[in-house]
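Heads up: the sequence lines are chains A and B, in that order. Count along the first sequence from 1, add 1163, and you get the number used in my numbering. Count along the second sequence from 1, add 1163, and you get the number used in my numbering. What follows is one structure encoded as structure tokens, with my remarks underneath.
Protein chains: 2
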Amino acid sequence: MGSDRGPGAVVAGLVLSAAQLPDAKFLLHGDSAIVAPLLARHPELGSRVTLRHAPRVVTMQDKPSQVMRHGEGTSMWSCIDAVKNGEAAVAVSCGNTGALMAVSMIRLRKLPGVNRPAIACLWPSRNPGGFNVMLDVGADIKAEAADLLQYAAMGASYARNGLKLDRPRVGLLNVGTEEHKGRAELKDANDQLALAAEAGGYEYIGFVEGGDLPSDRVDVIVTDGFTGNIALKTAEGTAKLISDFMREAFNAGILSKFAALLALNSLKRLQRRMDPRRVNGGIFLGLNGTVIKSHGSADETGVAAAIALAYQLSSAGFLARLAARVASTVRAGQDAVVDSGADRAEAKSSE
Amino acid sequence: MGSDRGPGAVVAGLVLSAAQLPDAKFLLHGDSAIVAPLLARHPELGSRVTLRHAPRVVTMQDKPSQVMRHGEGTSMWSCIDAVKNGEAAVAVSCGNTGALMAVSMIRLRKLPGVNRPAIACLWPSRNPGGFNVMLDVGADIKAEAADLLQYAAMGASYARNGLKLDRPRVGLLNVGTEEHKGRAELKDANDQLALAAEAGGYEYIGFVEGGDLPSDRVDVIVTDGFTGNIALKTAEGTAKLISDFMREAFNAGILSKFAALLALNSLKRLQRRMDPRRVNGGIFLGLNGTVIKSHGSADETGVAAAIALAYQLSSAGFLARLAARVASTVRAGQDAVVDSGADRAEAKSSE
């Protein structure tokens, strides 16, 4: 109800998904006066979609703190509660990101052992699968070393189950790759991520830089939510600038226009590779339930992509795997901290 | 001597610059056994270039702390000392960035009132001039509110003298544009930048996001060196990824190749707009001297662009203007802090 394109785009996405995923069933949350007529136009959805009436809507302008306190009766709240009650395996929403995180936090609560949940996104890359994972891209504005370790465990689990990578390579975002670089919490995190790699089921490759985000030497990039959010929006802004410049270049003169026409297939192929709709779906990690945040402006293709991701993760038993992996990684990280503390004490006493 | 392409590219850049800037004179620092023969091939440089022999070289692998302590006799040290001694108006180097900053700090010292010097870069944008200014992109890994205020004053002064903007619009990089967003030091900085705008000679537009970096609603973007460095490298990485994908797209099949041939002019125009050589020259701000850091891999065009910037800034009397502006802005910022402290105390007592 609260997306930029309204419930029409969501129902159109459902139609695509229903055809692609023959054994999926859907709970749709919204104002039945508006949504029921939209559903009625698609008799092929039949009994596969159950409409849950929710009289209220969270808008893009609503403050997360307000929605957290007074959000009952909204379609967003109803959707998250379906996961909480075990009726749904995954929640998908195109609504207000901050509000969705707030409602998810209060209704689903954090996974045992998780201090700060994170939002992970897929990042177009040179890897064979076409994407890397980056987190946190904006759930929280800061992260201590222990949080970054949890992000590594969660991001690696997501890459295994979402991108089907056996042993994802994890890197920690920094301003240089040398070990002495960066803030104090990054040096601590660097040690902990290395020591917990076995338990986390990932290969730790150390620090990576902004230029490595789309590279094929890393699969999962770990950073705090402030830096991650700036990097994500900077990359989107850069891609938009280049695509505008490219359009202007191809519109400058008859010859260019003719060339663009000839190059149409190539340009389309390029567009497809960079298409944000194909990577639609930030995912909230670290809660007792899986929540996928689709772009607010997602069209039917974008909505269907988010649903496909939801389906894949629930089929893989993602949540249980993630929870187990976080528990063992955090334990390994704590052991590492205790060990290196002991090492330091020993080193000191032998001085 | 320490650039990726060696002294040949620098001499070739000098040849271009000497033709473009008929009243400029040059001090060239390096091993005369290597550099003198290169100069001898260009008699047209004649008396305009003076060679200063420096037997040692700072390499890209040298640690800044080592160079700071033991860098005497290197061409980098000699170059900075020429500015320190008043023989040169501006220093230009293609060498090791960290070492250049370290040597600049120790030889030139910080401007009165400046706590942390910053590196500013030009950012391709939709503005009429084609560029925005961003700082800090990596001189320091953190910045307090007072540092961000100094960056605003320095960045605005650079935009006035380097980009010829009368009253640059300054924005503060954050994860959202609402006033309540972001870290504590950003909220403080937001207040201080607004209150010191008059003294700093800029218009303060508040928080901006990563997507605004190339936009035409801002001229100077202020951030800490950690975030700025990640954003810069993320943007470079994204541009590189898109250009690689584009090349692949245009190489896929005969028709595409033919189209690319027809579109050659358009593609060249696009490339020119995004060409990093045109924006060559990060600048160190906040020292008793102007230092321009050219890309390590700069070719003759890049070197000439950095020299052209150096020439423009020195003709504009940039350093004296910058120093005056920093002094008055810092004073205004301090007044603002004192005032708002008093306001708060008043508000409290009247509660």
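All residues carry an ideal CB built from backbone N, CA and C; glycine is no exception. For clarity, every value in this text was computed on a predicted model and none was experimentally measured.
Legend entry - Residues of its chain near ILE1243/A, where Cβ-Cβ distance is below 6 angstroms and the 5 sequence neighbours each way are ignored: ALA1254, VAL1266, SER1267, ARG1270
Inset, instruction - Would you check if the distance between the CB atom of CYS1284/A and the CB atom of ALA1461/A is smaller than 8 angstroms? - result: no
Inset, instruction - May I have a chain-ordered list of the beta strand (DSSP E) segments no shorter than 3 residues that lie completely inside the region 1441-1469 of chain A? - result: 1445-1448, 1453-1456
Inset, instruction - Indicate the three-state DSSP secondary structure (helix, strand or coil) for ASN1295/B in the structure shown. - result: strand
Legend entry - Sub-8 angstroms separation of VAL1371/A and LEU1336/A beta-carbons: yes
Inset, instruction - Please state whether DSSP places GLU1509/B in a helix, a strand or coil. - result: Any reading at GLU1509/B needs caution, since the residue's pLDDT is 43, under 50, leaving its predicted position unreliable; the model's value is listed next. Helix.
Inset, instruction - Mind listing the chain B neighbours of ALA1461/A? Cutoff is C-beta to C-beta under 9 angstroms, in chain order. - result: Here the premise fails: no neighbours, minimum Cβ distance about 18 angstroms.
Legend entry - Identity of the residue in ARG1204/A, SER1195/A, ALA1172/A, ASP1167/A nearest THR1222/A by Cα: ASP1167/A
Legend entry - Through-space distance from PRO1331/A to ALA1505/A, alpha-carbon basis: Confidence is the limiting factor: at ALA1505/A the pLDDT is only 49, short of 50, which leaves the residue's position unreliable, though a coordinate-based value still follows. If I take the Cα positions, the gap works out to 30 angstroms.
Inset, instruction - Below 7 angstroms CB to CB, which residues in the same chain sit around GLU1250/A once its five sequence neighbours on both sides are set aside? - result: LEU1190
Inset, instruction - Using three-state DSSP, classify LYS1273/A as helix, strand or coil. - result: strand
Inset, instruction - Report all residues from its chain with a CB closer than 8 angstroms to the CB of ALA1495/B; omit the five preceding and five following residues, and keep chain order. - result: LEU1358, ALA1359, GLU1361, ALA1362, GLY1363
Inset, instruction - Count the other CB atoms, across all protein chains shown, that sit within 10 Å of the CB of SER1228/B; report buried if there are 16 or more and exposed otherwise. - result: exposed
Legend entry - Every unbroken beta strand (DSSP E) within the region 1344-1392 of chain B, with a cutoff of 3 residues, ordered by chain: 1366-1371, 1383-1385
Legend entry - Opposing strand residues paired with VAL1333/B [DSSP bridges]: TYR1367/B, VAL1383/B
Inset, instruction - State yes or no: is the beta carbon of VAL1338/A nearer than 8 angstroms to at least one beta carbon in chain B? - result: yes
Legend entry - Coil, strand or helix - THR1492/A by DSSP: helix
Legend entry - Short Cβ contact (8 angstroms threshold) for VAL1383/A with VAL1333/A: yes
Inset, instruction - Measuring only between beta-carbons, confirm whether ILE1393/A sits less than 8 angstroms from chain B. - result: yes
Inset, instruction - Give a yes or no on whether the minimum CB-CB distance between LYS1511/A and chain B is below 8 angstroms. - result: Confidence in LYS1511/A is poor, its pLDDT being 41 and thus under 50, which makes the residue's placement too unreliable to answer from.
Legend entry - Terminal residues of the beta strand (DSSP E) in which ILE1282/A lies: 1281-1287
Inset, instruction - Give the DSSP-derived three-state secondary structure of ALA1254/B in the structure shown. - result: strand
Inset, instruction - Taking only beta-carbon positions, decide if ILE1384/B is within less than 8 angstroms of chain A. - result: no
Inset, instruction - At 7 angstroms on the CB atoms, spell out the chain A contacts of PRO1377/B, in chain order. - result: GLY1400, THR1401, LEU1404
Legend entry - Nearest residue (CA-CA) to MET1220/B, options THR1213/B, ILE1197/B, LEU1201/B: Here residue 1220/B turns out to be Val, not Met, going by the sequence shown. Ranking THR1213/B, ILE1197/B, LEU1201/B by Cα distance to VAL1220/B puts ILE1197/B first.
Inset, instruction - Grab the span of the beta strand (DSSP E) containing LEU1190/A for me, first residue to last. - result: 1189-1193
Legend entry - Cα-Cα separation, LYS1305/B to VAL1385/B: 12 angstroms
Inset, instruction - Indicate the three-state DSSP secondary structure (helix, strand or coil) for THR1397/A in the structure shown. - result: helix
Inset, instruction - Hey, could you find the ends of the beta strand (DSSP E) VAL1212/A is sitting in? - result: 1212-1216
Legend entry - Residues that THR1237/A bridges to, as DSSP identifies them: ARG1219/A
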